[in-house]
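Heads up: the sequence lines are chains A and B, in that order.
If you read the first sequence in the numbering used here, its first letter stands for residue 45, the second for the next number, and so on.
If you read the second sequence in the numbering used here, its first letter stands for residue 45, the second for the next number, and so on.
Quick reminder that beta carbons are idealized off the backbone N, C-alpha and C, glycines included.
There are 2 protein chains.
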Amino acid sequence: MRADAARNLDAVLRAGARLLAEDPGTSMSAVAAAAGVDRTTLHRRFANREALLSAVFQAKLDSAENVLDEARLTEAPVPVALHRYVEKIVPVSREWPLDTRRMMQNDPAASIRRQEQSARVDAFIRRSRDEGYLRGDVDMTWARTVLDQLVDAAAHQFPTLTPPQAADLVVATFMNGLGAA
Amino acid sequence: MRADAARNLDAVLRAGARLLAEDPGTSMSAVAAAAGVDRTTLHRRFANREALLSAVFQAKLDSAENVLDEARLTEAPVPVALHRYVEKIVPVSREWPLDTRRMMQNDPAASIRRQEQSARVDAFIRRSRDEGYLRGDVDMTWARTVLDQLVDAAAHQFPTLTPPQAADLVVATFMNGLGAA
DNA sequence: TATTATCGCCTCACTGCTGTTGCATTTAGC
DNA sequence: GCTAAATGCAACAGCAGTGAGGCGATAATA
């Protein structure tokens with residue numbers, strides 16, 4: 045791919061992620077305009093709207109996969125891995141703010157890939173409990189959900205937090221809650 | 045208003061809330077069909093799409109306001125009020141699953157009303173800290189956000205939980221987190 | 001039962017989004 | 001500098017959603 049084409053593709057994906065996160069009904073025209081390209085250029089690269097959506101999701105999944113690899117969730121000590129995972133996933137969530145859960149239902153391939161990544165975090169949560177870092181009576185799916193929600197909240201509703209600050213906050217809340225001792 | 049008209053209106057609002065929560069781009073036709081009403085009936089009652097949206101939000105805000113009144117957030121003991129609030133707000137969130145935060149920006153009146161309700165919960169969070177139920181070093185806006193997220197998660201991602209069960213789970217996680225002692 | 005508010009059905013016009021094509025122009029890479 | 005890829009621009013067709021109006025039928029209420 046030519047360099048200018050790569051630049052434009054990147055701009056389109058980022059603009060698409062941003063606009064579609066604000067309003068899932070955003071038109072192709074709006075995405076094209078925000079990315080500084082002509083509407084027809086978008087249609088040349090992506091056969092239809094769904095294809096654009098899929099490409100944006102792929103980009104998000106690529107970033108997330110890197111984070112999962114770097115966090116070493118299966119090997120590193122639980123506290124270290126958790127903190128590192130949150131610290132790295134917050135910027136990804138900010139760069140690609142799309143809600144993958146509700147917008148990906150028409151893309152089976154991406155959906156499967158997402159579930160694979162999700163399973164890796166689930167396994168980490170399970171290991172955390174097995175190693176005694178989580179209470180034994182906690183439902184694992186609930187723990188997983190809470191972690192996701194805290195990450196999303198810190199990433200999007202507290203945009204001024206740096207990733208390390210966000211990680212401190214999320215991990216502390218996840219482990220200890222907000223109640224007084 | 046005639047009785048049948050009231051029935052139809054109610055059906056439209058509930059169907060609208062459900063469908064629009066799943067897909068914010070749901071068409072008026074789809075809402076009408078789901079409510080068992082003709083499309084033109086919808087257009088007669090609501091001048092445009094925005095008006096329908098506003099009406100759905102109003103319905104949600106009405107329900108939420110009842111909950112805030114009944115929970116007695118300013119008077120009842122903090123643990124009691126918190127548990128009662130969560131227990132009552134979970135069904136509201138389930139009945140009106142729309143995300144008020146992102147879909148209400150074109151409705152200033154509803155937006156203001158939402159902020160007023162939000163302020164009541166904020167005040168309760170502040171009281172909880174002042175009375176020693178929350179750690180003193182916790183950011184109040186963070187605490188508020190976490191509570192909202194936990195409620196949403198319990199309401200929508202764990203639909204089989206009864207409201208009391210959901211309240212137990214949310215309150216325990218909010219106060220104590222998920223970490224081992 | 002009589003009245004009338006409400007509804008369903010049909011039709012129409014309008015708009016915005018999608019997707020395609022042809023052609024001239026620009027730009028990256030050799 | 002040359003070549004081919006990529007783009008911008010204009011125009012077009014098709015489609016879905018929106019919103020309005022008329023009219024006969026239906027159902028609530030007095």
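Legend entry - For B/L142, three-class secondary structure by DSSP: By one-based count along the second sequence, residue 142 of chain B stands at place 98. Reduced to three states, the DSSP call for B/L142 is coil.
Legend entry - A/V75 and A/A49 closer than 7 Å at C-beta: Translated into positions along the first sequence, residue 75 of chain A becomes position 31. Translated into positions along the first sequence, residue 49 of chain A becomes position 5. No, the pair does not count as a contact, with Cβ atoms beyond the cut-off.
Legend entry - Spatial neighbours of A/M184 in its chain, beta-carbon cut-off 8 Å, leaving aside the 5 residues before and after: One-based indexing of the first sequence puts residue 184 of chain A at position 140. If we look at A/M184 and ignore the five residues flanking it on each side, its Cβ neighbours are D166, I169, R170 and R173.
Legend entry - Within 7 Å of chain B by C-beta, residues of the stretch 155-182 of chain A in sequence order: Here the close residues are G176, Y177, L178, R179 and V182.
Legend entry - Residue(s) in a DSSP beta bridge with B/G176: To locate residue 176 of chain B, count along the second sequence from 1; it is residue 132. Answer is none; B/G176 lacks a bridge partner.
Legend entry - Option nearest B/Q102 by Cα separation, candidates B/D143, B/V122 and B/T118: On the second sequence, position 58 is the one that residue 102 of chain B refers to. Ranking B/D143, B/V122 and B/T118 by Cα distance to B/Q102 puts B/D143 first.
Inset, instruction - Decide if B/R46 is buried, meaning its Cβ has at least 16 other Cβ atoms within 10 Å, or exposed. - result: Within the second sequence, residue 46 of chain B is the residue found at index 2, counting from 1. Answer is exposed; the Cβ neighbour count stays below 16.
Inset, instruction - In angstroms with no decimal places, state the Cα-to-Cα distance between B/A199 and A/W140. - result: Numbered from its first residue, the second sequence carries residue 199 of chain B at position 155. Numbered from its first residue, the first sequence carries residue 140 of chain A at position 96. Approximately 25 Å, taken between the alpha carbons.
Inset, instruction - Determine the chain A residues that contact B/L222 at a beta-carbon separation under 7 Å, and present them in chain order. - result: Within the second sequence, numbered from 1, the residue matching residue 222 of chain B stands at position 178. Neighbours of B/L222 on chain A, chain order: L178, R179, V182, A187, V190, F218 and M219.
Legend entry - beta-carbon A/P141 near the ligand SAM non-hydrogen atom, thresh 6 Å: Within the structure as shown, the ligand SAM is missing, as the structure has no ligands at all.
Legend entry - Whole-angstrom C-beta distance between B/A210 and B/F202, which should lie under 8 Å: Your numbering for residue 202 of chain B matches position 158 in the second sequence. Your numbering for residue 210 of chain B matches position 166 in the second sequence. Taking the Cβ atoms as the reference, B/F202 lies roughly 7 Å from B/A210, within the contact range of under 8 Å.
Legend entry - chain A residues whose Cβ lies nearer than 9 Å to that of B/Q102: Within the second sequence, the letter at position 58 stands for residue 102 of chain B. In chain order: nothing, as chain A lies at least about 22 Å away.
Inset, instruction - Flag this pair as yes or no: are the beta carbons of A/V134 and A/P207 separated by less than 7 Å? - result: Here residue 134 of chain A refers to the residue found at position 90 when the first sequence is read from its first residue. Here residue 207 of chain A refers to the residue found at position 163 when the first sequence is read from its first residue. A/V134 places its beta carbon less than 7 Å from that of A/P207.
Legend entry - Contact set for B/D82: own chain, Cβ-Cβ below 7 Å, skip 5 residues either direction: In the second sequence, the residue the question calls residue 82 of chain B occupies position 38. Taken in chain order, the residues that qualify are A76.
Inset, instruction - May I ask which residues mark the beginning and end of the alpha helix (DSSP H) holding B/T184? - result: In the second sequence, the residue the question calls residue 184 of chain B occupies position 140. For the record, residue 184 of chain B in the displayed sequence is Met; it is not Thr. That run of the alpha helix (DSSP H) goes M184 to D196.
Legend entry - Residues that DSSP places opposite A/G223 in a beta bridge: On the first sequence, position 179 is the one that residue 223 of chain A refers to. For A/G223, the pairing in a beta bridge is given by DSSP as B/L178.
Inset, instruction - Establish whether the CB of B/G69 and some CB of chain A are separated by less than 7 Å. - result: Within the second sequence, residue 69 of chain B is the residue found at index 25, counting from 1. So, interface residue.
Legend entry - Secondary structure of B/M72, DSSP reduced to three states: Here residue 72 of chain B refers to the residue found at position 28 of the second sequence. Helix at B/M72.
Inset, instruction - Please check if any C-beta of chain B sits within less than 7 Å of the C-beta of A/Q209. - result: On the first sequence, residue 209 of chain A is found 165 positions in, with the first residue counted as 1. Not closer than 7 Å to any Cβ of chain B, the Cβ of A/Q209 fails to qualify, so no.
Inset, instruction - Please list, in chain order, all residues of the same chain as A/E131 whose beta carbon is under 8 Å from its beta carbon, the five residues on each side excluded. - result: As a first step, residue 131 of chain A must be located in the first sequence, where it is residue number 87. Taken in chain order, the residues that qualify are P207, P208, A210 and A211.
Legend entry - Cβ separation of B/L97 and B/D151, assumed to be a contact under 8 Å, to the nearest whole Å: Translated into positions along the second sequence, residue 97 of chain B becomes position 53. Translated into positions along the second sequence, residue 151 of chain B becomes position 107. Distance from B/L97 to B/D151 at the Cβ level is roughly 7 Å; contact confirmed, criterion being Cβ atoms closer than 8 Å.
Inset, instruction - For B/A197, decide whether its Cβ has a neighbour in chain A, counting only Cβ atoms nearer than 7 Å. - result: Along the second sequence, read from residue 1 onward, the residue named residue 197 of chain B stands at position 153. At least one C-beta of chain A is nearer than 7 Å to the C-beta of B/A197.
Inset, instruction - Confirm, please, whether the CB-CB distance from A/A154 to A/M148 is below 7 Å. - result: Translated into the one-based positions of the first sequence, residue 148 of chain A becomes position 104. Translated into the one-based positions of the first sequence, residue 154 of chain A becomes position 110. A/M148 is a Cβ neighbour of A/A154, given a cutoff of 7 Å.
Inset, instruction - Report all residues from its chain with a CB closer than 7 Å to the CB of A/F90; omit the five preceding and five following residues, and keep chain order. - result: Here residue 90 of chain A refers to the residue found at position 46 of the first sequence. For A/F90, same chain residues with a beta-carbon under 7 Å away, outside a window of 5 residues either side, are L96 and A99 in chain order.
Legend entry - Nonlocal neighbours in the same chain, by C-beta distance under 6 Å from A/N52, ignoring five residues either side: Looking up residue 52 of chain A in the first sequence gives position 8. Within the same chain, A/N52 has close Cβ partners V81.
Inset, instruction - Classify B/E119 as helix, strand or coil using the three-state DSSP reduction. - result: Here residue 119 of chain B corresponds to residue number 75 of the second sequence, with the count starting at 1. Look at B/E119 here: in three-state DSSP terms it is coil, with no helix or strand label.
Inset, instruction - Taking all protein chains shown into account, decide if A/R93 is buried (16 or more other Cβ within 10 angstroms of its Cβ) or exposed. - result: As a working mapping, residue 93 of chain A is identified with position 49 in the first sequence. With fewer than 16 other Cβ atoms within 10 Å, it is exposed.
Legend entry - Option nearest A/R158 by Cα separation, candidates A/L205, A/K104 and A/T84: Here residue 158 of chain A refers to the residue found at position 114 of the first sequence. Selected option, being the one with the closest Cα: A/K104.
Inset, instruction - Whole angstroms is fine: what's the gap from B/T85's alpha carbon to B/L63's? - result: Residue numbering aside, residue 85 of chain B sits at position 41 when the second sequence is read from its first letter. Residue numbering aside, residue 63 of chain B sits at position 19 when the second sequence is read from its first letter. Answer to the nearest angstrom: the Cα atoms are 18 Å apart.
Legend entry - Burial state of A/G180 (16 or more Cβ within 10 Å): Position 136 of the first sequence, counting from 1, holds the residue named residue 180 of chain A. So A/G180 counts as exposed.
Legend entry - Three-way DSSP call (helix, strand, coil) for A/F168 in this model: Looking up residue 168 of chain A in the first sequence gives position 124. In the displayed model, A/F168 falls within a helix according to three-state DSSP.
Inset, instruction - Identify whether A/R157 lies in helix, strand or coil by the three-state DSSP scheme. - result: As a position in the first sequence, residue 157 of chain A is number 113, starting the count at 1. For A/R157, the three-state secondary structure derived from DSSP is helix.
Legend entry - Contact belief for A/V124 with A/E175 at Cβ below 8 Å, rounded distance in angstroms: For the purposes of this step, residue 124 of chain A is taken as the residue at position 80 of the first sequence. For the purposes of this step, residue 175 of chain A is taken as the residue at position 131 of the first sequence. Going by Cβ atoms, the distance from A/V124 to A/E175 rounds to 12 Å, so no, they are not a contact pair.
Legend entry - Exposure label - B/G221; buried when at least 16 CB within 10 Å: By one-based count along the second sequence, residue 221 of chain B stands at place 177. It is buried - the Cβ of B/G221 has at least 16 other Cβ atoms within 10 Å.
Inset, instruction - Please confirm whether B/M136 and B/S107 have their CB atoms less than 7 Å apart. - result: Position 92 of the second sequence, counted from the first residue, corresponds to residue 136 of chain B. Position 63 of the second sequence, counted from the first residue, corresponds to residue 107 of chain B. The question names Met, yet the displayed sequence has Val at residue 136 of chain B. Contact: yes.
Inset, instruction - Give a yes or no on whether the C-beta atoms belonging to B/H127 and B/V215 are separated by under 7 Å. - result: The residue given as residue 127 of chain B occupies position 83 in the second sequence. The residue given as residue 215 of chain B occupies position 171 in the second sequence. Going by C-beta atoms, B/H127 is nearer than 7 Å to B/V215.
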